[in-house]
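What follows is one structure encoded as structure tokens, with my remarks underneath.
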Amino acid sequence: MTYLVTISDAELFELAGADLRVDALARTAELRLLGSPAETVDERRYRQMFGIRRFEQTLLDLFDEGLLSGTTHCCIGQEADAVGVIEHLRPDDHVFSNHRCHGHYLARTGDARGLLAEIMGRADGVCAGVGGSQHLSTPGFTSNGVLGGTVANAAGIAMAAQLAHSDAISVVFVGDGALGEGIVYETLNLAGLWQLPLLVVCENNGWAQSTPQRDNLSGSIEDRFQAFGFPVRSVATTDVRVVADIAGQEVAATRGAGPRALVIETYRLCHHSKNDDNRPEEEVAARWEQEPLSVHEGRVGGPARSRIEQEVELAIAELVTEFREDGS
Amino acid sequence: MTYLVTISDAELFELAGADLRVDALARTAELRLLGSPAETVDERRYRQMFGIRRFEQTLLDLFDEGLLSGTTHCCIGQEADAVGVIEHLRPDDHVFSNHRCHGHYLARTGDARGLLAEIMGRADGVCAGVGGSQHLSTPGFTSNGVLGGTVANAAGIAMAAQLAHSDAISVVFVGDGALGEGIVYETLNLAGLWQLPLLVVCENNGWAQSTPQRDNLSGSIEDRFQAFGFPVRSVATTDVRVVADIAGQEVAATRGAGPRALVIETYRLCHHSKNDDNRPEEEVAARWEQEPLSVHEGRVGGPARSRIEQEVELAIAELVTEFREDGS
Amino acid sequence: MIHARVLGDALRECLSEDPRVVIMGEDIADPYGGAFKVTKGLSTEFPDRVRTTPISEAGITGTAAGLALSGYRPVVEVMFGDFLTLTFDQIVNHITKYPSMSAGQATCPVIVRTPMGGGRGYGPTHSQSLEKYFLGIPHLRVLAASTLQDPLEMFRTLLDEDDAALVIEHKLLYPRQHPEDLGALIVRRPIGESGFPTVRISAVPAGDCSLTIAAYGHTAVMVAQLVDRLAVEEEIFVELVVPTQISPLDWQPIEESVSTTGALLTVEEGTRGWSWGSEVAARIHHSCFSALRAPVEVLASASDIIPSARQLEDRMLVGVSDIEGAIRRSA
Amino acid sequence: MIHARVLGDALRECLSEDPRVVIMGEDIADPYGGAFKVTKGLSTEFPDRVRTTPISEAGITGTAAGLALSGYRPVVEVMFGDFLTLTFDQIVNHITKYPSMSAGQATCPVIVRTPMGGGRGYGPTHSQSLEKYFLGIPHLRVLAASTLQDPLEMFRTLLDEDDAALVIEHKLLYPRQHPEDLGALIVRRPIGESGFPTVRISAVPAGDCSLTIAAYGHTAVMVAQLVDRLAVEEEIFVELVVPTQISPLDWQPIEESVSTTGALLTVEEGTRGWSWGSEVAARIHHSCFSALRAPVEVLASASDIIPSARQLEDRMLVGVSDIEGAIRRSA
Ligand SMILES: Cc1ncc(C[n+]2csc(CCOP(=O)(O)OP(=O)(O)O)c2C)c(N)n1
Ligand SMILES: Cc1ncc(C[n+]2csc(CCOP(=O)(O)OP(=O)(O)O)c2C)c(N)n1
Ligand SMILES: [Mg+2]
Ligand SMILES: [Mg+2]
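These protein sequences, in sequence, are chains A, B, C and D. For the first sequence, our numbering begins at 78 and goes up steadily by one. For the second sequence, our numbering begins at 78 and goes up steadily by one. For the third sequence, our numbering begins at 161 and goes up steadily by one. For the fourth sequence, our numbering begins at 161 and goes up steadily by one.
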């Protein structure tokens, strides 16, 4: 059996026994990458990012084929955020995500089967086909396609950890465009005031649907967090190592402490959803030069890379074949 | 005939002819202070602040007497803000206010009769008794008791000026507590982005109803405005001269230009509404030492002060007598 | 004891019994204890779990949602029911969605409580009864507290279940004695005492009543007094049916009553048009089509804002004389 | 021409005719032209008055309110009807309040337009028909566009008046030919052509119909096709009544129809319980009590969220076969 993506490590399974998450783990173990213990951190990161990339590219193909319907938002180009941040989280931490949640979900759970089934509207999807692409829920992970409100929800999860005297943290991924929503600032105020263990990760990809940042954002993202008393770190990178280093520090600093913000300047290389990209072609092309896989791949030896890629491709192919057969 | 409060000057009447405001002026002229042309700026400011003070104290007395019902929020201690800011406005500017709006309304219109009638629920009130204490509306002035949303409404008024290529501005008074509302930040973003001629005057009195600022505000008020690209001025004063100087500059800078914020640190000396003050007595007592009338009164000669005080007292007394008789 | 204290004591009891309970709201902490004093004393006893918040209705409610997703039982106080509008997105698109869109994996049992109602001259934005906009939201319970029911029973039942709930209270009930003194009236409660009972009140046995009146909250208390007075003074006998949960509604008690009386009047303080009574009329006229000797009458306030001036407010809101008139026309 | 273009052209016409018109919404500017392309081209022609905004539904609507208070005629596009929840406070406590609470001194004629509806697999938060929560808001008009009406006429009427309005559109109508091809059906419009006409559609003269169906928007279009098919294939004759303004409602056309047919069915895509049809049933059963030979039937979707999976969504939302079943039972 091959596995697609991992977030697991020894600690995860240790904790999971005492935790609701055990169900989710069991249900989704099949496509969960444990990797061989011999796999390096760089290999694991590559495997995860490659897994997310190929998963989403497969989704887009299936859409084109007419096998999927509805809508979907891929994170092609932003995989380093999901992987670099989430590798630092424990099972009792919580991730809140938005419309663009596949990468976060896969990095968090490895559950490619549950996610593909979900997006295909199958009863064995992680939310039985009810939630669909943007509404995922499993212990330790929630997403909602309505922008902004998730930040408040994530703050409540942080407050729960605080009330329980746990050092678990709550991480919320939010786009630059969603910073238009007022509830974000209500929450920054509240989280700052009550010193909730909330890490806001702003994936600043410079665009919101069709709108460039210059047309929807005034002032500065970093200053906004700072103005509410959040320590802010900011980085412009698609390098998973860089993300992981800084995210590791931020996760650690949030644990048992107050809220923080991490702003990652990145870029979405795919359409906003399926067929709606009006950005200048040169702009997109230039960003392909820095896409996370190519930035990172040199750190993984050729043979290891081929093995990982083959395993991932195979896992996805098997899944697609299986679902295709079910559907026919 | 004596007049209570003024905002008028030659310019006002010049413009008013071409303007809707003429109705409001006519309707309320009776208690409008034109003052003698000989009256100095300091005398006029004293008259206005004294007028607001005595008007509100009278309100509270009438409440105790049972002649008024419902609720009301007085601005005793904060009169310098209303007077010092609004004296710079033209008839075609607009003032948006909140629950604590009597001072703003009186400084803007001088319409003590319309306001008292309104709060008493009389058909000749400025809003026919429908709006009541916190929902006033007259050309150039609007208030709403629902916190936060008014800032967006005021931005729309600024946008109207901008679209009309007018250099009128929109001024909104907002409390420190209302900065909890998300729509405030949605508006800051929008106003910053579109460079709307909006002046946000934050009356930072350190309390929101029963809640001290340390329990409801994280970070810094000034930084919040700045983070959205607003130039901010900040001043801690109850001196109408100081307020007027800085407000004059801010009003001028907003005209035909983009949004700005003026934060005035001040103090409310009365209850939040009628009977709900839980602040430490010493804290309140200490602030009485700096109340705007006593800070300013030395600048008005004794005889002028007596004359002004008598005129104002008389005007209010006449009004109360008249309404009392109507009611009996 | 006054109603506000009964509510406060019920909340205190919940805080004591159930460590998952967390109360949040604007100005709810001591010494102030909330705009209507319901939470007075609670923050002193439970400082961690009774929190005064910034003025952020949406943010608080959204935070409560997160707490609820994590197994806590947040109770949000919205200072005036009028400001529920700011929580609407959290209620419709977050709180009531998470359990269902996760196919039952998540629960999000947020309780929002808030005072509705006019009669105090607070004007257009502090006097409304906005519950009608929250009726029929899938997966939301809407409950109306009054001096006719026990709030502790209601809260305990909510804490035993996993549903999101909006509890509406009424400003005019806060200072009122609780429980309501119903004198010689016959009061029937469902056997087995559900936490959300539908209380039935009449002066004579239901079989002798010529009209069913459905009402809740403060309006129901007004009607109860009329039931008594009209029986004693004029021998007009009606049965009042007071549901605790007003959406979704248990139709059975109303149907049972109407099948005997043959006529139904609904009364509520909110504005007319797509109001609580509309659905009641639609459903009861359907299920009791042949039993009804006249169409269902829906009495609600004018479709307008609530003026500040007391005399204008009185004219605008459904009052005792409006109800009395409607009863006379229908009974 | 497709419906989306007809809507867009109507807006273009309004922008040309009336310099007070300002359109604001998320991603509405060219080249994108809005999530559903209704505004395509408009920002190029009217760059000052057609503005893409940040993602701030409340802020935009509140800003529109200020524009409207200043004499402009803002038209806000909310990208998905689901996000109207975020505008609720501005609509309830600001926009509809200013005119009335100023005793008529202010006007605040904001128009909010938004696509409702499912059928595209967009899932629980992008498929809802939330209009029911906006029905009966004092001083708000709620209008439903469809291929059966002329949106230009509607917008022009709104621009001639001073009322705030919510215009709901439907995602499934955008790509549809407009006007609807009604073949041989008899279509009656009120004489004098009000801007908010109630259109009546039947295969045979109304007097020969055995059921009135009230519906709006996309649902009305579905019903219109059924009216035709059932008449041709099975000689079931029903009259469809389609109001443009769904709240407040002009009762007269429905009453007139029901007084002939003796039966009424309402159909809507929103969830059942305190829905559009509830008020229709409540009012019509009252005004046509003796004319009705059976209770009014209210058909709406299940009181649940809208699943993403297409087969689950189909099952949950009112569809043609549900309507057909209801017609067979009632006609
Ligand atoms: C409340 C709300 N308003 C609007 C939308 C529609 N919408 C979905 S994604 C999106 C753009 C979000 O941009 P950003 O937050 O930068 O995230 P990105 O798509 O760039 O990852 C918009 C406008 C929504 N889902 N929710
Ligand atoms: C949306 C909303 N939430 C709550 C309230 C209740 N309320 C009225 S005034 C007030 C305190 C406001 O504090 P601040 O903005 O500092 O103004 P101040 O009273 O100090 O002048 C509160 C909570 C309201 N009017 N509107
Ligand atoms: Mg973005
Ligand atoms: Mg304050």
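Think of the CB as a built atom: it goes at the ideal place given N, C-alpha and C, for glycine as much as any other residue.
Check: By DSSP, does H179 of chain B sit in helix, in strand, or in coil?; Outcome: helix
Check: Is the shortest distance between the beta-carbon of V397 of chain A and the beta-carbons of chain C less than 8 Å?; Outcome: no
Check: Below 8 Å on the Cβ atoms is my guess for T343 of chain A versus Q155 of chain A; work out the distance and round it to an integer in Å.; Outcome: 5 Å
Check: Could you give the DSSP three-state label for W411 of chain D: helix, strand or coil?; Outcome: helix
Check: Distance check for A460 of chain D and S113 of chain C, CA to CA, integer angstroms please.; Outcome: Outside the displayed span of chain C (161 to 491) sits residue 113 of chain C, for which this structure offers no information.
Check: Given a limit of 8 Å on CB to CB distance, which residues of the segment 208 to 224 of chain C reach chain A?; Outcome: D208, R209, R211, T213, P214, S216, A218, G219, I220, T221, G222, T223, A224
Check: For L229 of chain C, count the other beta carbons within 10 Å of its own beta carbon; 16 or more makes it buried, fewer makes it exposed. Which is it?; Outcome: buried
Check: At a Cβ cut of 7 Å, what residues of the segment 460 to 476 of chain D count as close to chain C, listed as they run along the chain?; Outcome: S463, D464, I465
Check: Distance cutoff 8 Å, beta carbons only. Does A255 of chain B sit that close to anything in chain A?; Outcome: no
Check: Quick one: residues in its chain with C-beta nearer than 6 Å to the C-beta of R475 of chain D, no 5 flanking neighbours on either side, listed in chain order?; Outcome: none
Check: With L477 of chain C and E415 of chain C assumed to form a contact (beta carbons below 8 Å), what rounded beta-carbon distance in angstroms separates them?; Outcome: Rounded, the Cβ-Cβ distance is 29 Å, inconsistent with contact.
Check: Let me see if you follow: with CB-CB separation under 8 Å, is E142 of chain B close to chain D or not?; Outcome: no
Check: Using a C-beta cutoff of 8 Å, does D300 of chain B count as contacting chain A?; Outcome: yes
Check: So if I measure from each beta-carbon to every heavy atom of ligand 3 and keep distances below 6 Å, which residues remain?; Outcome: A:G252, A:D253, A:G254, A:N282, A:W284, A:A285
Check: Keeping to the same chain, check which residues put their C-beta closer than 7 Å to that of C204 of chain A; ignore five residues upstream and five downstream.; Outcome: E195, H212, L213, S214
Check: With 8 Å set as the bound, which would you pick, yes or no: does the beta-carbon of Y192 of chain D sit closer than that to a beta-carbon of chain A?; Outcome: yes
Check: I'd like to know if the segment 175 to 192 of chain D and the segment 202 to 215 of chain D are in contact, where contact means that at least 3 CB-CB pairs between them fall below 8 Å.; Outcome: yes
Check: Between the C-alpha atoms of I431 of chain B and H176 of chain B, what's the straight-line distance to the nearest angstrom?; Outcome: The structure shown does not extend to residue 431 of chain B, since chain B is modelled only from 78 through 405, so no value can be given for it.
Check: Quickly, what does DSSP pair V210 of chain C with across the bridge? List them, please.; Outcome: C:I183
Check: Are the beta-carbon atoms belonging to I162 of chain D and H338 of chain D less than 8 Å from one another?; Outcome: yes
Check: If you measure beta-carbon to beta-carbon, which residues of the segment 260 to 294 of chain C are closer than 8 Å to chain B?; Outcome: R280, G281, Y282, G283, P284, T285, H286
Check: What residues from chain C crowd round D403 of chain B, counting only those whose CB sits closer than 9 Å?; Outcome: Within chain C, no residue comes near D403 of chain B; the closest Cβ sits about 13 Å away, beyond 9 Å.
Check: Taking P234 of chain C as part of the alpha helix (DSSP H), name the residues at either end of that continuous run.; Outcome: That residue, P234 of chain C, is in no alpha helix (DSSP H); its beta strand (DSSP E) goes 233 to 237.
Check: For W365 of chain B, count neighbouring C-beta atoms within 10 Å of its own C-beta (all shown protein chains included) and say buried if the count is 16 or more, exposed if not.; Outcome: exposed
Check: Taking only beta carbons into account, state which residues of the segment 314 to 342 of chain D come closer than 7 Å to chain C, listed in chain order.; Outcome: none
Check: Using 8 Å as the threshold, is the segment 438 to 454 of chain C in touch with the segment 445 to 461 of chain D, meaning 3 or more CB pairs across them?; Outcome: yes
Check: Return no unless some Cβ of chain A is closer than 8 Å to the Cβ of G227 of chain C.; Outcome: Note that residue 227 of chain C corresponds to Leu in the displayed sequence, not to Gly. Closer than 8 Å to some Cβ of chain A, the Cβ of L227 of chain C qualifies, so yes.
Check: Any heavy atom of ligand 2 closer than 7 Å to the Cβ of R165 of chain D?; Outcome: no
Check: State the CB to CB distance for the pair G217 of chain A and H181 of chain A, rounded to an integer number of angstroms; the pair is presumed to be in contact (CB under 8 Å).; Outcome: Contact flag wrong, Cβ pair sits at about 11 Å.
Check: Flag this pair as touching only if the segment 324 to 331 of chain A and the segment 283 to 294 of chain A have three or more C-beta atom pairs under 8 Å; answer yes or no.; Outcome: no
Check: Any idea what DSSP makes of A380 of chain C, helix, strand or coil?; Outcome: helix
Check: Tell me whether I393 of chain A sits in a helix, a strand or coil according to DSSP, three-state version.; Outcome: helix
Check: Any idea if V389 of chain B is buried or exposed, counting beta-carbon neighbours within 10 angstroms, 16 or more meaning buried?; Outcome: buried
Check: Any residues in the segment 353 to 375 of chain B with a beta carbon nearer than 9 Å to a beta carbon of chain C? Which ones, in chain order?; Outcome: D353, N355
Check: In terms of alpha-carbon separation, which member of A:P289, A:H348, A:L240 lies closest to T149 of chain A?; Outcome: A:H348
Check: Between A:E258, A:S350, A:S174, which lies nearest to S287 of chain A when the distance is taken from Cα to Cα?; Outcome: A:S350
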